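K.L.:
There are 2 protein chains.
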Amino acid sequence: MGVTLKDVARLAGVSAKTVSNVVNGCPGVSDALRRRVRDAIGQLGYRPHLAARHLRTGRTGLLALVVDTPHLDEVARAILRAAAQRGHRVVVAPRGPARGVTAAWRDVPADGILLGTNAPPRDVLDAEVTAGTPLVLLGEGRDDRCDRVGVDMVRAARDATAHLLALGRRRIAAIGADPGPSRSRTAGYRQALRRAGIDAPAAYVRATARPERTDGYHAARSLLAHDPPPDAIFCYSDPLAVGAIRAATDAGLRVPDDVAVIGFGGTEEGRYVRPSLSTVVPDAEVIARAAVTRIVARIACPDLPPAEIVAPHTVLPRESAPAPPGGSRPASPRESAPELPGGSVRACPRGSVPHRETAPHTPRAGDGGAAAGGPRVPA
Amino acid sequence: MGVTLKDVARLAGVSAKTVSNVVNGCPGVSDALRRRVRDAIGQLGYRPHLAARHLRTGRTGLLALVVDTPHLDEVARAILRAAAQRGHRVVVAPRGPARGVTAAWRDVPADGILLGTNAPPRDVLDAEVTAGTPLVLLGEGRDDRCDRVGVDMVRAARDATAHLLALGRRRIAAIGADPGPSRSRTAGYRQALRRAGIDAPAAYVRATARPERTDGYHAARSLLAHDPPPDAIFCYSDPLAVGAIRAATDAGLRVPDDVAVIGFGGTEEGRYVRPSLSTVVPDAEVIARAAVTRIVARIACPDLPPAEIVAPHTVLPRESAPAPPGGSRPASPRESAPELPGGSVRACPRGSVPHRETAPHTPRAGDGGAAAGGPRVPA
DNA sequence: CTGAAAGCGCTTACAG
DNA sequence: CTGAAAGCGCTTACAG
């Protein structure tokens with residue numbers, strides 16, 4: 001407790017700088033000295049004081065991950081894996097008490113923030129941007145001044161809705177449509193309906209306070225009491241959809257026969273509910289790799305022009321909204337895959353030089369991961 | 001960007017110390033000065049450099065929460081709420097890549113760690129203890145040198161098993177029984193069987209690599225192929241149980257008629273699967289309050305004798321293992337409630353002066369929280 | 001290739 | 001009640 005670099009230097013009989021060089025793997029230290037220093041470090045149990053380093057260098061060596069929306073849960077897990085693989089340490093400010101999160105990530109000591117929140121409040125974002133905090137957005141919100149990595153939310157929502165249309169459904173409702181944060185998903189939903197020449201009553205679009213199971217349950221229950229009731233529901237997160245399924249079956253309805261349900265996020269949970277949950281699966285691996293690469297690059301070069309990196313998504317049919325009989329899925333993996341391997345990159349309005357990310361695309365096996373080691377879900 | 005306390009002092013025409021006093025709410029600054037300083041802070045957008053403060057004071061002002069086992073998910077959420085309510089900032093090292101977590105929490109900058117992992121590796125724990133890191137254990141593992149806050153795991157497992165016995169089950173299996181980390185739950189399971197005069201075959205106790213759904217699925221599938229197959233399964237986490245239910249129904253078995261299932265953790269997810277999941281519910285609010293209180297106390301007074309704070313748990317019958325017809329539940333809330341309000345405190349072997357925690361007990365309504373705002377689960 | 005000095009931005013004794 | 005100085009443990013120019 002309290003072993004400093006100086007103590008190590010004294011024991012090893014070298015200067016503080018040499019110890020620092022060894023600790024940080026800097027070249028220019030002879031092997032013999034390096035060994036002597038290593039020994040001294042081991043003997044004293046020295047561990048560098050991170051705050052001192054931070055104060056001096058301005059770098060914490062930490063990334064922060066903030067996820068306050070469950071449709072990014074799998075993405076968050078993938079980011080943790082990807083960061084660990086590359087040796088980056090990550091702290092998480094989790095989905096928590098509504099206000100807590102937004103407040104929390106301002107003071108987390110990190111060099112950069114991966115912000116998996118939908119539509120971060122404008123003023124908070126402004127403060128971070130002007131403070132120069134490296135920021136990568138993962139959710140729905142876009143900002144000309146920030147990087148974003150994620151699926152094309154409008155298109156993903158359109159594909160989900162089109163999947164329900166392909167099943168012959170016409171009275172399609174949407175749950176989760178917060179006017180602000182979920183704007184693009186609602187836009188995609190409406191686009192799909194418009195193209196099919198369908199006009200959804202306003203009551204079919206339900207905003208919920210949060211994206212959790214209980215919210216989906218109550219929204220669905222109210223929706224199913226509407227006249228006429230919807231014959232399909234698109235939920236903006238998997239937990240919302242899980243709640244909706246339970247509400248439907250509790251009401252004595254059959255899923256998908258009476259009402260089909262599709263979620264958003266591709267979470268594990270959806271494979272185990274009954275009926276199992278159809279869902280839109282963001283390519284979490286691509287997003288994770290691109291997001292980590294990007295935040296690291298942004299930390300190194302704050303002046304990079306902001307870029308948007310679009311990752312592929314797939315519609316994964318399971319029991320709650322199965323593949324249409326014809327077999328021609330409205331949003332085949334091929335169709336929704338990006339033109340460029342690894343996600344396409346759009347130049348942001350302000351960015352004069354669009355930055356090309358290296359995020360190699362890993363083809364997903366079959367149903368997007370459900371094959372590996374899990375239950376075989378009846379088709 | 002780069003506004004320091006000195007800048008504020010200059011603008012306000014005071015010394016650095018005065019600004020520091022104002023920022024930290026120290027008394028002894030006249031109201032007029034305080035105002036002037038506040039104004040200067042606002043004008044410059046000053047935010048204190050946390051690392052500098054940390055370096056000087058040795059305090060980060062952060063708590064770290066490490067949860068790598070899902071039976072503590074609800075506890076983790078409650079801790080986040082409790083900490084936020086009391087103005088403590090928390091960073092989370094989440095359940096992630098198996099090794100990542102254990103490695104990660106060593107370098108998270110925090111004044112103390114709430115460690116929700118089962119049986120932390122001895123050597124890692126040793127290192128932290130000798131380093132003097134304030135530590136509160138939340139999982140199964142105990143250590144004479146550390147505080148622990150949580151339910152009585154042996155008793156909780158005994159109650160879960162007794163619940164299955166009360167349903168008339170005799171061939172009761174257990175999933176999740178890692179020899180090390182889950183020892184006490186296995187002990188409780190065996191106690192209950194022994195008291196009922198039942199001898200479970202060794203094959204009925206299954207260790208799994210992880211406590212997730214897919215592990216529960218595979219363990220249950222293998223278990224149900226055993227001859228004779230179990231007529232009830234106690235799972236050491238809710239996700240394990242969710243997987244087990246799916247395995248049983250996939251195999252064409254009826255839950256609970258052919259095989260009853262009970263989980264551990266009282267997670268939300270269990271209310272929505274079908275059949276809904278019976279589970280052991282730790283009193284997350286009591287644990288959360290006690291854990292936060294304790295870690296804060298331990299940070300302030302490192303020499304407190306280590307204490308164990310035992311929180312109450314309840315068995316929550318739902319569809320997958322309903323209440324027995326007689327109505328006399330084997331583990332009524334009353335029976336498993338602690339003698340002392342707020343959880344009983346046991347003196348640790350080394351602690352000569354057992355420390356009494358103040359963790360007021362909140363009686364749980366009905367089924368342990370499931371009543372509020374969720375689906376009405378058929379009895 | 002290695003060493004002595006300065007300084008990152010705070011807070012904490014110590015004077016006034 | 002307020003101010004000037006020292007120092008927390010590192011790393012970064014700068015000399016040798």
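Protein chains in written order, with UniProt numbering: chain A, 1 to 379; chain B, 1 to 379.
Where a beta carbon is used, it is the ideal one built from N, C-alpha and C, also for glycine.
Since the structure is predicted, the reported quantities are computational estimates derived from the model, not experimental observations.
#1: Are the beta-carbon atoms belonging to Ala83/B and Val292/B less than 8 Å from one another?
#2: If we call anything under 8 Å between Cβ atoms a contact, is Leu165/A one with Ala202/A?
#3: Please report how far the alpha carbon of Gly42/A lies from the alpha carbon of Pro302/B, in whole angstroms.
#4: Tell me whether residue 399/B sits in a helix, a strand or coil according to DSSP, three-state version.
#5: Just to make sure I have the definition right: I need the residues of chain B whose C-beta is within less than 9 Å of the C-beta of Glu268/A. Which are they?
#6: Ala297/B and Arg81/B - do their beta-carbons sit closer together than 8 Å?
#7: Determine the DSSP secondary structure at Val310/B, reduced to helix, strand or coil.
#8: According to DSSP, simplified to helix, strand and coil, what is Asp231/A?
#9: For the region 241-255 of chain B, enumerate the residues whose C-beta is nearer than 9 Å to any C-beta of chain A, in chain order.
#10: Looking at the C-beta of Leu50/B, does it have a partner C-beta in chain A at a distance below 8 Å?
#11: Note down the Cα distance separating Arg10/B from Val19/B, rounded to an integer number of angstroms.
#12: Would Ala93/A count as contacting chain B if we go by Cβ distances under 8 Å?
#13: Do the region 165-178 of chain B and the region 229-237 of chain B meet, that is, are 3 or more Cβ pairs less than 8 Å apart?
#14: What residue does the beta strand (DSSP E) around Gly243/A start on, and which one ends it?
#15: Closest by CA to Ala248/A, which one among Glu269/A, Gly266/A, Pro275/A, Glu268/A?
#16: Measuring CA to CA, which of Ala200/A, Glu74/A, Arg155/A, Asp215/A is closest to Pro228/A?
#17: Just reading off the alpha helix (DSSP H) that Thr18/B is part of, what are its end residues?
#18: Between which two residues does the alpha helix (DSSP H) containing Arg221/A stretch?
#19: I want to see whether chain A comes within less than 8 Å of Asp107/B, judged by CB atoms only; does it?
#20: Using a C-beta cutoff of 8 Å, does Leu5/B count as contacting chain A?
#21: With 8 Å set as the bound, which would you pick, yes or no: does the beta-carbon of Tyr46/B sit closer than that to a beta-carbon of chain A?
#22: Are there 16 or more other CB atoms within 10 angstroms of the CB of Asn24/A, so buried, or fewer, so exposed?
#23: At the level of alpha carbons, what is the spacing between Ala76/A and Val92/A?
#24: Give me whichever residues DSSP pairs with Pro282/A in a beta bridge.
#25: CB Gly265/A to CB Asp238/A, shorter than 8 Å?
#26: What distance in whole Å lies between the Cβ atoms of Pro179/A and Ala157/A, which are believed to be in contact at a cut-off of 8 Å?
#27: How long is the line joining the alpha carbons of Val377/B and Leu316/B, rounded to whole angstroms?
#28: What residues from chain B crowd round Leu55/A, counting only those whose CB sits closer than 9 Å?
#29: Have a look at His54/A, Ser182/A, Ala260/A, Arg195/A and flag the residue whose alpha-carbon is nearest the alpha-carbon of Pro109/B.
#30: I'd like to confirm the pairing. Which residues does DSSP put opposite Leu253/A in its beta bridges?
#31: Answer yes or no: does any C-beta atom of chain A fall closer than 8 Å to that of Tyr189/B?
#32: Pull up the CB-CB distance for Ala321/A and Pro230/A, whole angstroms please, since I reckon it's below 8 Å.
#33: With burial defined as no fewer than 16 other Cβ atoms inside 10 Å of the residue's Cβ, what is the status of Asp144/A: buried or exposed?
#34: Could you check if Cys26/B is buried or exposed, using at least 16 other CB atoms within 10 Å of its CB as the buried criterion?
#35: Along chain A, in chain order, which residues have C-beta atoms closer than 8 Å to that of Val273/B?
#36: Less than 8 Å separating the beta-carbons of Gly116/A and Leu72/A?
P.N.:
So, to answer that:
#1: yes
#2: no
#3: 26 Å
#4: Absent from the structure is residue 399/B, since the part of chain B shown begins at 1 and ends at 379.
#5: Glu212, Arg213, Thr214, Pro239
#6: no
#7: In this structure, Val310/B counts as strand in the three-state DSSP scheme.
#8: Here Asp231/A carries a coil assignment [DSSP, helix/strand/coil].
#9: Val242, Gly243, Ile245, Arg246, Ala247, Thr249, Asp250
#10: yes
#11: 10 Å
#12: yes
#13: Contact between the region 165-178 of chain B and the region 229-237 of chain B is present, because at least three Cβ pairs lie under 8 Å.
#14: That residue, Gly243/A, is in no beta strand (DSSP E); its alpha helix (DSSP H) goes 238-250.
#15: Nearest C-alpha to Ala248/A: Pro275/A.
#16: Ala200/A
#17: 16-23
#18: 213-224
#19: yes
#20: no
#21: no
#22: exposed
#23: 9 Å
#24: His313/A
#25: yes
#26: That belief does not hold up - the Cβ atoms of Ala157/A and Pro179/A are roughly 15 Å apart, past 8 Å.
#27: Residue placement at Val377/B cannot be trusted, given a pLDDT of 38 that sits under 50; the coordinates are not used to answer.
#28: His49, Ala51, Ala52, His54, Leu55
#29: Checked all of His54/A, Ser182/A, Ala260/A, Arg195/A; the closest Cα to Pro109/B is His54/A.
#30: Paired residues: none, contrary to the question.
#31: no
#32: Actually they are not in contact, since the Cβ atoms of Ala321/A and Pro230/A sit about 13 Å apart, beyond 8 Å.
#33: exposed
#34: Counting Cβ neighbours within 10 Å, Cys26/B comes out exposed, since fewer than 16 surround it.
#35: Tyr272, Val273, Arg274
#36: yes
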